[in-house]
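Asks: Pasting in a structure now, in structure tokens, and then I'll have a few things to ask.
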Amino acid sequence: MSRALAVGLMVGGVLLCTVQCGGERADEERSQARSGAPLVSDAILARERKFDASGTLLSESFIDTPRSEKFWSGLENGFAPDGRRYVSMAGASWDGKVETRYQQLYLSGDPPSQDWVVLAGKPSGVPAGPAKGKVLSPELLSVVAGGTKELIPVFIGFAHKPTTPLGPHPSLQFSWLPETEKLQLHEQRISARQAEVEQMHKSLRAYLLEKSAVEVESVWLTGNMFARVPAAALSDLLARNDVVAVEMIRPVPPTSEGKWDGKDMKHATGLNTGKYMDNNYHGGYVNPATGNKLRIAIIDSNFDYNHPGFLTAAGGATRVVSTWNCAVNPCVPGLPPPSGANHGSAVAGLAAGDLRDGQMGGTSDWQLDRTGIAEEADLVLIDISPSNAWFARGLQKAVELSADVAVGTIGGDASPCDGDAGDWDDAIYSAYTANTLVVASAGNAGNVNPWCTLGNVADNLSGFTVGALGNFTSDITYQNYSTSDLWSVSSTDGTSRGGINVTINGGSFPGVVSAVSAMAPGCPQYMFVYDDSIVEPEICGTSFSTPQVAGAAVLVKHWNLATQGNFIVGGRGRLFAALLPMTDRANGAASYRTWGFDPVWGGGRFQARMYTPADHPSGVYAWGTTAFRLRTGQIQDILVNGAGNEPSSLNQFKVYAVFFESDGQDIADIDVYVGDKDCGSGSVQLGSDISRDTKSMVRLSGAQAAGKALCVRVYGYYVPAADVAREVNVFWYYSADTAMR
């Protein structure tokens, strides 16, 4: 049976139709329509919509081909039986009159033309560094030698990882999988993972109980364990074949000790989140699949969940929908009584506090100054004892509760990058697979912790990590940070508000892994405290820059779900990729990087932007997001806004790519190039980022990009042999506006 196409049009090399396409006739017509296109691909699902300046839908076209169980299993691992990749693509453009939004899923192989790809000249893999045997840390050895009879709280790294994948929680409108099925899949996968980990740990759990250990806990999110173990049993525990690490759990010191208020967060010269709020994208979007609003999970300590700033309005209901005490094992509902400390309340207030609806009176300016970012989002408050080790337990609960964004700021001066954070790396990577974005603070230690290593703790590889700017400034300058070579990863001199010491497997490796994704102001003018009041603190730090970016991520997700049909949030890692282009400024207010991320300040100063006509006074912009998997030696080409030349009025173009690692032991190397002529015959390379990093960026000026048929080429230079592929998320963006906003 075949059905003719009523209307056909081309978007990014794929034919779209206004009626359901299927059968041999549809396949033939799609193939003919794409003849000569640089993508070797077949569309499976696609939709294109056109809107006028008022937002009125002008037309809608789509492809919907039959899908089997084999299709779904192939889609999950990224490859069809014939070896071609599944590529998920979406984007939008505006020419001053019509906004075009499109989304498609297609199959792709390597392009026939592979000019200007760097195929040699770089080492494979990350240097192994000194061998890391199974030995107790000097701290634990001292405890054992002291003969203490106390039970020692430890993290136990299990030798085998769970194999049950986590399904992403539902948050979509237009999806490859129906929302009810996604919700069921999410819940079923969690239950299956819990059962698998429980069985995996059965023998070790029995051993620990036999040795008089208490509070033995399996963490299903990561497959590792926590327990309080007699000191005399630690050496034998580490000697077991199913144990790879035993680390002491210890408290972290408080955040280090000027101002930034809610008005600054909203202002165009500040974080620029006001454009979202002014258009009612405030975090209050209700997910039709679950009936829940967007959720921010704050994993911290010392909350006052009764603070008026967490109410919907004066005398209204609370937006704190769930509270958990995960400082105990197992986590229990509720929170410990608030104390004189206020860290958790302050973080939650900056992310999602709201005083603009009369919760505490005051003038409109007074209310705005004391209000956070995602004013209408729901909050999940998860209290953990001030130790990095319990972060995994808290994040596990956040994933279980389908948090859209989770905020981790408990690191303080020890930071997640101190090599002793236990489950940070596995936990954040697992949350990414469940489509929960983790926004984590970079810490404030600067050059204090020389043992910092991404080889043990890879929150920086799977989490959106935020550094902090200093007092009264929203600019990044070299004077704030190192005066030596910023591109050497071992160059880690810095202030307490930016520097992170980065090493891989015990040794420095220039050009590897920028620990910080973005920078944001870290000196709040006001913060919520435990006694239902507000104070003007004299402290700064990444704990206060991080929730601002987390709140902005929720606003972006709200706008996307409400207007764009899940273009940005339709897959794990896409929201992360969409936030990276919001990290513009590098060295001073007017300076931009042209490629790569700096190891100290990452992509630069974070400023929210809306990928909409309203945020582009020039009348010209376009963006696109693409997700796919790559193996070693494979190439994926992405046409910028479809085939053909870009507008001659372009001011700048930039593309970001990110992939995710569960640890820093052997990271992949995936390179990004930009070329002209749609990467076809005779094309020329215009820019590249071939650094060894999990994040890549290439920026072109207007003179380089305007009027050219741009193409992004992503090359899998090296993927560890033990891994099948890496999932890569790419986000490109151009506009005719100078500030790209």
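The sequence shown begins at 0 in numbering that gives the first Met the number 0 and counts up by one. Note that CB positions come from ideal geometry on N, CA and C, so glycine has one too. No experiment lies behind these values; they were computed from the predicted model shown.
Candidates Gly550, Leu44 and Val406: which alpha carbon is nearest Gly343's?
Replies: Val406
Asks: Counting pairs of Cβ atoms below 8 angstroms between the region 424-433 and the region 393-408, do you hit three or more?
Replies: As far as the Cβ criterion goes, the region 424-433 touches the region 393-408, which means the pair count is three or higher.
Asks: Excluding sequence positions up to five away, which residues of its chain have a Cβ less than 6 angstroms from the Cβ of Leu74?
Replies: Tyr85
Asks: Quick one: give me the first and last residue of the beta strand (DSSP E) that Gly623 is part of.
Replies: For Gly623, the enclosing beta strand (DSSP E) begins and ends at Tyr620 to Leu629.
Asks: Which residue's Cα is closest to the Cα of Thr370: Ala316, Tyr105 and Pro307?
Replies: Of the listed residues, the one whose Cα sits closest to Thr370 is Pro307.
Asks: DSSP puts Glu216 in a beta bridge; with which residues?
Replies: Phe225
Asks: Relative to the C-alpha of Ala551, which candidate in Tyr280, Pro612 and Cys710 has its C-alpha closest?
Replies: Tyr280
Asks: Need the endpoints of the alpha helix (DSSP H) that Glu149 sits in, please.
Replies: For Glu149, there is no enclosing alpha helix (DSSP H), since its DSSP letter is neither H nor E.
Asks: Whole angstroms are fine: how far does the CA of Arg698 sit from the CA of Val465?
Replies: 21 angstroms
Asks: Exposed or buried, what is Ser363 when buried is set at 16 or more other beta-carbons lying within 10 Å of its beta-carbon?
Replies: exposed
Asks: Taking the alpha-carbon of Trp622 as reference, which of His615, Asn640, Ala613 and Arg630 has the nearest alpha-carbon?
Replies: Asn640
Asks: What number of angstroms, rounded off, separates the C-alpha of Gly643 from the C-alpha of Tyr105?
Replies: 20 angstroms
Asks: Which residues bound the beta strand (DSSP E) around Phe658?
Replies: Gln651 to Phe658
Asks: Are the beta-carbon atoms of Asp45 and Ile248 separated by less than 7 angstroms?
Replies: The amino acid at residue 45 is misidentified as Asp; the sequence shows Ala. The answer is no: Cβ separation not under 7 angstroms.
Asks: Alpha carbon to alpha carbon, how far is Leu709 from Tyr275?
Replies: 30 angstroms
Asks: From Arg630 to Ser107, what does the alpha carbon distance come to, in whole angstroms?
Replies: Each residue's alpha carbon lies about 13 angstroms from the other.
Asks: Determine, using beta carbons only, whether Phe543 and Leu270 come nearer to each other than 7 angstroms.
Replies: no
Asks: On the DSSP bridge list, what partners appear for Ser363?
Replies: Paired residues: none, contrary to the question.
Asks: Using a 10 Å radius around the Cβ and a threshold of 16 neighbouring Cβ atoms, would you call Gly282 buried or exposed?
Replies: Classification of Gly282: buried, given that the 10 Å Cβ count is 16 or more.
Asks: Within 8 angstroms, do at least three Cβ pairs link the region 151-168 to the region 238-245?
Replies: At 8 angstroms Cβ cutoff, the stretches touch.
Asks: Checking 7 angstroms against the spacing of the C-beta atoms, do Val97 and Lys49 come in under that value?
Replies: yes
Asks: Is it true that the CB of Arg227 sits closer than 7 angstroms to the CB of Leu150?
Replies: yes
Asks: In the DSSP assignment, the alpha helix (DSSP H) including Trp115 goes from what residue to what residue?
Replies: Taken as a continuous stretch (DSSP letters only), Trp115 belongs to no alpha helix (DSSP H), as it is neither H nor E.
Asks: Give every residue of the same chain whose Cβ lies closer than 6 angstroms to the Cβ of Val654, excluding the five residues on either side of it in the sequence, and list them in chain order.
Replies: Val697, Val711 and Trp731
Asks: Give the single residue among Ala42, Phe78 and Phe61 whose Cα lies nearest to the Cα of Phe627.
Replies: Phe78
Asks: At the level of alpha carbons, what is the spacing between Val218 and Ser136?
Replies: 22 angstroms
Asks: Is it the case that the region 283-302 contacts the region 373-381, given that we only count it when at least three CB pairs across the two stretches are under 8 angstroms?
Replies: yes
Asks: Specify the secondary structure class of Asp424 as computed by DSSP and reduced to three states.
Replies: Reduced to three states, the DSSP call for Asp424 is helix.
Asks: Run the CB neighbour count on Ala667, radius 10 Å, all protein chains shown included, and call it buried at 16 or more, exposed below.
Replies: buried
Asks: With H, G and I counted as helix, E and B as strand and the rest as coil, what does DSSP make of Phe543?
Replies: Phe543 falls in the helix class under three-state DSSP.
Asks: Taking just the CA atoms, how far does Tyr610 sit from Ala426?
Replies: 31 angstroms
Asks: Are the Cβ atoms of Asp422 and Ser300 separated by less than 7 angstroms?
Replies: no
Asks: Given this structure, state the Cα-to-Cα distance separating Asp377 from Ser321, to the nearest angstrom.
Replies: 9 angstroms
Asks: Would you mind sorting Asn341 into buried or exposed? The rule is 16 or more other CB atoms within 10 Å of its CB.
Replies: buried
Asks: Ends of the beta strand (DSSP E) at Glu726?
Replies: Its beta strand (DSSP E) spans residues Arg725 to Ser734.
Asks: Taking Ala735 as the reference, give the member of Glu47, Ala351, Asp94 and Gly90 with the closest Cα.
Replies: Asp94
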